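Enquirer: Sequential numbering of the sequence shown, starting at 1, is according to the working numbering.
I have a structure I would like to understand better, so I am pasting it below and will then ask my questions one at a time.
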Amino acid sequence: LPIDGTPAYGRLVRELVFGQDRADSADTVTVQTPGGTGALRVAADFIANHFPDARIWLPDPTWANHPKIFEAARVPCLSYRYYNSEAKGLDAPGMLEALQQTEKGDVVLLHACCHNPSGVDLDADTWQAAGKLLADRGALALVDFAYQGFGDGLEQDAAGLRLFCEQVPEMFVATSYSKNFGLYQDRVGALTVVTGSADRAETVLSQLKICVRTSFSNPPAHGSALVTCILSDEGLRADWRAELTQMRERINGMRQTLVEGLQRHGGSQDFSFITRQKGMFSFSGLDPKQVERLREEHAVYIVGSGRINVAGVTPDNVDALCRAVVSVL
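Structure follows, in structure tokens:
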């Protein structure tokens, strides 16, 4: 494939992310990458090369690989408040207050939807407020969009990002199709950059190609060909959307079943926050000692933060999981 992947794939990526109107926008460019991680690393290398004084601001908490990717590219990492552990929800005031400390040229990483690990997403007002704040301060945004379709739907999950894009002249978007196309082993992703002008877009694309060439040379063909085939065929696209809806509804249904099971097995706490979270992951509220007891006493393995992969909960194992969790509360 070409260094930046195929034009057809890039256009379909932009259509999914921004909608039909921006799919052909002259100020926006896309390079295909090996998964979302590859997209983040290309962005990190681009930032390191062209914004040497930039710092990347990461939400607290965030995906464990985020800081490792940027540290490997020698981009300093800072954090901003995101999750309110008491309210089991978004700390919007704390987030916006922290981002007042950003400087011109800094980059702020935002999760587009299905925040990993908390499952707590930005609301429309916070998207707009964050966009205005970053634009005023001259900071850039890098939006990690790994789970489109797993929150509320393909269009709904992109709505906040699209609102945000109206507030800022430039931004990066890292996308992954590993999960929503079931192509995890094929490493299908993309980095899209909104540059603000057609002339700047050509320059940015040439520099992105340099980052790709010195990293993985050119992207793999098979996975992106499958995505292009599915999205280019009206019938296949409809089938894919239906299957993605089925998976999203299964995960959301298991959230409800998990909450009901915890109550049924004697959990006295209010676990309703689990049903308000989006995507595959949930912050359970368990502390590291309780997580250790789950492992040692019940052979139930979750990460130390208390994050549960809700996609791994099934009707066959939910009762055993609920009994184990209640026993360590």
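Where is the CB? At the ideal position from N, CA and C, for every residue including glycine.
Treat the numbers as computed from the prediction; the structure is a model and nothing was measured.
Is there contact between the segment 229-246 and the segment 310-317, where contact requires at least three CB pairs shorter than 8 Å?
Expert: Segments in contact, no.
Enquirer: Within 10 angstroms of its Cβ, does residue 68 collect 16 or more other Cβ (buried), or is it exposed?
Expert: Flag for residue 68 reads exposed.
Enquirer: Please state if the CB of residue 120 and the CB of residue 283 are separated by a distance shorter than 9 Å.
Expert: Yes, the pair counts as a contact, with Cβ atoms nearer than the cut-off.
Enquirer: Compare the Cα-Cα distances from residue 285 to each of 45, 252, 326, 222 and report the closest residue.
Expert: 326
Enquirer: What is the DSSP secondary structure of residue 259, counted as helix, strand or coil?
Expert: helix
Enquirer: Identify whether residue 116 lies in helix, strand or coil by the three-state DSSP scheme.
Expert: Assigned with DSSP and collapsed to three states, residue 116 falls in coil, not helix or strand.
Enquirer: Please determine, among 203, 186, 188, the residue with the shortest C-alpha to C-alpha distance to residue 194.
Expert: 203
Enquirer: Just how far apart, CA to CA, sit residue 29 and residue 89?
Expert: 34 Å
Enquirer: Where does residue 41 fall in DSSP's three states?
Expert: Collapsing the DSSP output to three states places residue 41 in a helix.
Enquirer: At which residues does the beta strand (DSSP E) containing residue 333 begin and terminate?
Expert: Nothing can be reported for residue 333: it is not among the residues displayed for the chain, which extend from 1 to 329.
Enquirer: Give the straight-line distance between the Cα atoms of residue 44 and residue 10, rounded to the nearest whole angstrom.
Expert: 20 Å
Enquirer: Going by beta-carbon coordinates alone, are residue 168 and residue 124 separated by less than 9 Å?
Expert: no
Enquirer: Going by DSSP in three states, residue 280 sits in which element: helix, strand or coil?
Expert: coil
Enquirer: Starting from residue 307 and walking both ways along the alpha helix (DSSP H), at which residues does that stretch end?
Expert: Taken as a continuous stretch (DSSP letters only), residue 307 belongs to no alpha helix (DSSP H), being part of the beta strand (DSSP E) at 307-309.
Enquirer: When you compare the CB positions of residue 71 and residue 77, do they come within less than 9 Å of one another, or not?
Expert: For residue 71 and residue 77, yes; Cβs fall inside 9 Å.
Enquirer: Given residue 48, which residues of its chain have a CB within under 6 Å of its CB, disregarding the five upstream and five downstream residues?
Expert: Contacts found: 73, 74, 75.
Enquirer: Quick one: using the 10 Å Cβ neighbour count with 16 as the cut-off for buried, is residue 214 buried or exposed?
Expert: exposed
Enquirer: Does DSSP put residue 32 in a helix, in a strand, or in coil?
Expert: Three-state result, residue 32: strand.
Enquirer: Please report the straight-line C-alpha distance between residue 217 and residue 3, rounded to a whole angstrom.
Expert: 6 Å
Enquirer: When you compare only the Cα positions, how much space is there between residue 58 and residue 111?
Expert: 10 Å
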